[in-house]
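Under my numbering, the first residue of the sequence shown carries the number 4, and numbering increases by one thereafter.
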Amino acid sequence: MTEASPVRAAAPATELLTLDDVRAAAARIEGAVVRTPMLRSQTLSEITGADIWLKFENHQFTAAYKERGALNALLHLTDEQKARGVIAASAGNHSQGLSYHGRRLGVPVTIVMPQTTPSVKVMQTESVGGNVELFGETFDEAYAHARELERERGLTFVHPFDDPLVAAGQGTVALEMLADKDDFDCLVVPIGGGGLMSGMATVAKALKPEIEMVGVQAELYPSMYSAVTGDERPCGGDTLAEGIAVKAPGEFTRQIIAELVDEVLLVKEGTLEHAVSLLLQIEKTVVEGAGAAGLAAVLSNPEKFAGKTVGLVLCGGNIDTRLLANVLLRDLARSGRLARLQIVLQDRPGALFKVMREFNEHNVNIIEIYHQRIFTTLPAKGLTAEIECEARDAEQIDRLVQALRGKGYSVSVAELA
């Protein structure tokens with residue numbers, strides 16, 4: 004179950020970020036970023052019991068909202084700063100947004116990434132104009148090196164989230180959403196470092212004070228949750244939502260969030276996977292794990308959102324295709340449409356054929372068969388057949404398993420965590 008806690012009262016929100024700042028950012032970046040569509044999802048509304056509206060920030064050129072804040076920061080540079088160039092530490096969407104608009108504006112962009120960064124992210128950043136330098140084994144080491152290069156080369160550092168100019172650019176997402184529809188009960192926004200939520204909450208609470216702002220973090224990376232609630236939790240692990248996997252949230256952003264955000268929810272990995280799969284199957288749109296966090300929160304807390312008009316930000320769509328394939332297949336397995344059966348057989352002619360007849364009679368399709376004769380605790384004349392199969396639903400698989408057991412076969416079903 005998703006865990007939640009009311010956000011603890013904190014100091015007054017900083018005056019460094021206001022509605023006027025976000026409106027100025029919107030005017031500044033207009034025409035250079037996509038004014039992404041926002042559409043109601045009839046099917047997701049039926050599934051969740053809420054009135055679900057989706058803001059498709061995965062339709063930006065670099066497939067993420069990060070372009071907005073990066074461009075707003077770039078447009079504040081002096082001519083001398085533009086000539087010298089900018090630098091950032093990022094292995095994610097910020098690096099691509101900054102690189103793309105830097106090249107468009109003629110501003111040299113240096114991105115420092117850990118040496119462990121997948122080559123596909125390096126190539127994506129270089130393809131949109133970034134000069135990538137690899138340093139260190141962790142993000143913290145890459146970040147420290149970027150700050151050293153900032154001083155040595157006289158570059159301007161553009162922080163991915165802990166910067167009022169960046170947060171003002173991200174806040175333009177809420178300006179567009181509330182311009183298109185002004186009767187939201189709540190907006191559900193992913194939180195990593197807090198730039199997107201800081202900007203959006205500033206806008207939403209200024210325009211509609213009664214609106215509920217709900218943040219979402221992966222359960223493995225509850226850094227902002229811990230910062231604003233005082234409930235310290237471990238932070239780390241392999242999460243599907245790597246775009247919001249931030250161990251240390253921003254100092255500036257946490258002040259805004261502590262004052263303006265009503266609640267922060269934590270979501271489990273399985274729910275994130277299910278949300279990614281649902282958005283592809285139902286809305287025919289590809290999102291990364293962070294982009295599905297809002298929907299994951301609603302799915303995990305149906306009683307909280309039932310009957311409410313809810314705005315969700317699909318904040319990014321940069322996900323590795325092989326990882327996406329794994330997520331979709333795992334979701335099919337969890338729903339019971341895919342299964343792996345381990346069946347103990349005698350190693351003799353016709354044994355497998357008899358089992359296949361049961362699959363045929365129950366109309367279950369076989370995807371793959373693997374015989375295990377050597378690495379088994381069975382007698383020498385025994386074997387284990389592992390059969391991956393697909394069916395209409397879990398009940399169809401259950402009927403097949405019961406039929407096989409009824410005929411004396413030992414059958415076990417592989418389980419997903």
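Every residue gets a Cβ at the ideal spot worked out from N, C-alpha and C, and that includes glycine. Being a predicted model, the structure only gives us computed values, none of them experimental.
Where residue i sits in the DSSP three-state scheme
i: Lys440; result: Any question about residue 440 goes unanswered here, given that the chain covers just 4 to 420.
i: Ala406; result: helix
i: Pro193; result: strand
i: Pro9; result: Confidence at Pro9 is low in this model, with a pLDDT of 41, below 50, so its placement is unreliable and no value can be given for it.
i: Val301; result: helix
i: Ser44; result: coil
i: Phe255; result: helix
i: Ser415; result: strand
i: Ala293; result: helix
i: Lys58; result: strand
i: Gly424; result: Beyond the ends of the chain as shown, which are 4 and 420, falls residue 424; an answer cannot be given.
i: Ala388; result: strand
i: Glu262; result: helix
i: Thr312; result: strand
i: Gly448; result: Nothing can be reported for residue 448: it is not among the residues displayed for the chain, which extend from 4 to 420.
i: Thr113; result: strand
i: Glu33; result: strand
i: Glu393; result: strand
i: Ala28; result: helix
i: Ala53; result: coil
i: Ala278; result: helix
i: Asp401; result: helix
i: Met4; result: Unreliable placement is indicated for Met4, whose pLDDT of 46 sits below 50; the coordinate value is still reported in the next sentence. Met4: coil per DSSP, three-state reduction.
Assigned exposure category for residue i - 16 Cβ within 10 Å defines buried
i: Pro9; result: Confidence at Pro9 is low in this model, with a pLDDT of 41, below 50, so its placement is unreliable and the value that follows should be read with caution. That one is exposed.
i: Met216; result: buried
i: His97; result: buried
i: Gln284; result: exposed
i: Ser415; result: exposed
i: Pro237; result: exposed
i: Leu77; result: buried
i: Lys410; result: exposed
i: Met200; result: buried
i: Ser122; result: exposed
i: Leu42; result: exposed
i: His79; result: exposed
i: Gly294; result: buried
i: Lys124; result: buried
i: Phe142; result: buried
i: Phe356; result: exposed
i: Ile370; result: exposed
i: Gly109; result: exposed
i: Gly239; result: exposed
i: Ser303; result: buried
i: Glu291; result: buried
i: Thr46; result: exposed
Terminal residues of the alpha helix (DSSP H) in which residue i lies
i: Ala342; result: Segment 341-349 is the beta strand (DSSP E) holding Ala342; no alpha helix (DSSP H) there.
i: Glu70; result: 69-77
i: Val231; result: 226-232
i: Leu20; result: Per DSSP, Leu20 belongs to no alpha helix (DSSP H) and is neither H nor E.
i: Arg106; result: 96-108
Residue interval of the beta strand (DSSP E) (run including residue i)
i: Asn368; result: 368-375
i: Glu266; result: 266-270
i: Gly88; result: Neither: Gly88 is in no beta strand (DSSP E) and is coded neither H nor E.
i: Ala328; result: Unbroken run through Ala328 is the alpha helix (DSSP H), 324-337; no beta strand (DSSP E).
i: Ala221; result: 215-221
Distance cut-off 8 Å: residue i Cβ against heavy atoms of the ligand PLP
i: Leu190; result: Inclusion of the ligand PLP in the displayed structure is not the case, the ligand content being empty and no account of it being possible.
**Request:** Flag this pair as touching only if the segment 257-265 and the segment 231-242 have three or more C-beta atom pairs under 8 Å; answer yes or no.
**Result:** yes
**Request:** Would you be able to state if there are at least three C-beta pairs under 8 Å between the segment 149-162 and the segment 80-100?
**Result:** yes
**Asked** Which ranges does the beta strand (DSSP E) cover as unbroken runs of at least 3 residues, wholly within the segment 128-196, from first to last along the chain?
**Response** 134-137, 189-193
**Message:** If contact is defined by three or more beta carbon pairs under 8 Å, each pair taking one atom from either stretch, is the segment 126-133 in contact with the segment 204-212?
**Reply:** no
**Request:** Inspect the CB distances between the segment 58-69 and the segment 313-327 and report whether three or more fall short of 8 Å.
**Result:** yes
**Message:** Whether or not the segment 63-77 and the segment 30-44 are in contact is what I'm after, with contact meaning three or more pairs of Cβ atoms, one per stretch, closer than 8 Å; do they touch?
**Reply:** yes
**Prompt:** With contact counted as at least three CB pairs below 8 Å, one residue from each stretch, are the segment 211-225 and the segment 241-249 in contact?
**Reply:** yes
**Prompt:** Are three or more beta carbon pairs between the segment 331-347 and the segment 271-280 nearer than 8 Å?
**Reply:** yes
**Asked** Looking at C-beta atoms only, is the number of pairs between the segment 162-177 and the segment 18-25 that lie closer than 8 Å three or more?
**Response** yes
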